[in-house]
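What follows is a set of notes on a single structure, which appears directly below.
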Amino acid sequence: MERVGVSKLWSFLDGSAAAELVTSGQVRSGRGFRVGSYPELAARVAELQYRNRHHVLLYRGQERDWRSVRGFTTLKPTIFRPPDGRKTLPDQLVEERYETLRLAEQRLAEGFEALRALGRQRVARERLLRWAILQHYEVCGTPLLDVTHSLRIAASFASLSVGTSLSADDEACLLVLAVPHLSGAITASAEGGLQIVRLASVCPPSAMRPHLQEGYLLGEYPEMIGLSQKQHYRPFEMDFGRRIVAKFRFEPRAFWGDPAFPCVPREALYPATGDWLEGLAAGIREGLGR
């Protein structure tokens, strides 16, 4: 995957008074720019989009800033993340995760066919679409990374993931990533080594969760289909942290103080009823023993 900002890009660093020209490495190694409210975050991001006009910005909200052993913010797909407490990922575990993914793909395609669901032919034919659905519904690890086109959705995810028993020092993390211009359901950039899947164009309209979350998935180009292909890449090349333009941190309790911009509640992000695709995903998870 190509690194964004090999040349200088515009961003906000911790303690800076205004946007400045920096490198991606400076952004990833810094603490992140502290914002006090959602309107302030939106204003900062608006300036980033204006100044970095050759990129489209997507967002990811997290409970914390995950770092590599070198101290850089890291964003690896779930299938390539080391187990808790480990710094490396054994090849055997990668093989096992891909085998689980292949089984989940098969059951997903069978489920679409059994339900005569809209889009079943595309799901049966296109691996990337199966990965996108399995990743979004958290069935198993895939080579894709969840992001969103909605700043408010990302900030809400970050706030909700931190938890309800917050202290004054608890901060959420919001990452801004730069991608090529989007086109259609799947955008593939051979030069950037990147594929972008728009979930609203992948999931049937009767499955509302992906549409409400304005979800996108990022993946390598070409698709990382297994261990044999992974071995041709160095670990840092499969890290979407290489596409980070900015990093923000905020304290959720104070951040949503403006009643005009409330946090999106969990029940809106994860509809309790009416999402048959969640039911299908839950059955696959159960069948996999997850």
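Residue numbers for the sequence shown follow my numbering, so the first one is 147 and each next one is one higher.
We put the beta carbon where it would ideally sit given N, CA and C, even for glycine.
What you are looking at is a predicted structure, and each value in this text was computed from that prediction instead of being measured.
Contact annotation: T234 and D385 have beta-carbon atoms that are not nearer than 9 angstroms. At the C-beta level, G176 and C319 stay beyond 9 angstroms of one another. A straight-line Cα-Cα distance of about 31 angstroms links L155 and L358. Counting of Cβ neighbours within 10 angstroms places A278 among the buried residues, the total reaching 16 or more.
Residue pairing by DSSP places L323 opposite L204 and I390 in a beta bridge. V293 has Y362 as its beta-bridge partners, per DSSP.
Taking the C-beta atoms as reference points, L321 is found no nearer than 9 angstroms to I342.
If you draw a straight line from the Cα of R210 to the Cα of I390, it comes to about 15 angstroms.
Residue environment for P356: buried (at least 16 other C-beta atoms within 10 angstroms of its C-beta). Per the coordinates, the alpha-carbon of G403 lies some 17 angstroms from the alpha-carbon of A300. If you look at T246, you'll find it in the alpha helix (DSSP H) that goes D237 to A260.
Rounded to the nearest whole angstrom, the C-alpha separation of P351 and E424 is 13 angstroms. Contact check for L239 and T288: beta-carbon distance about 15 angstroms, past the 8 angstroms limit, so the pair fails to qualify.
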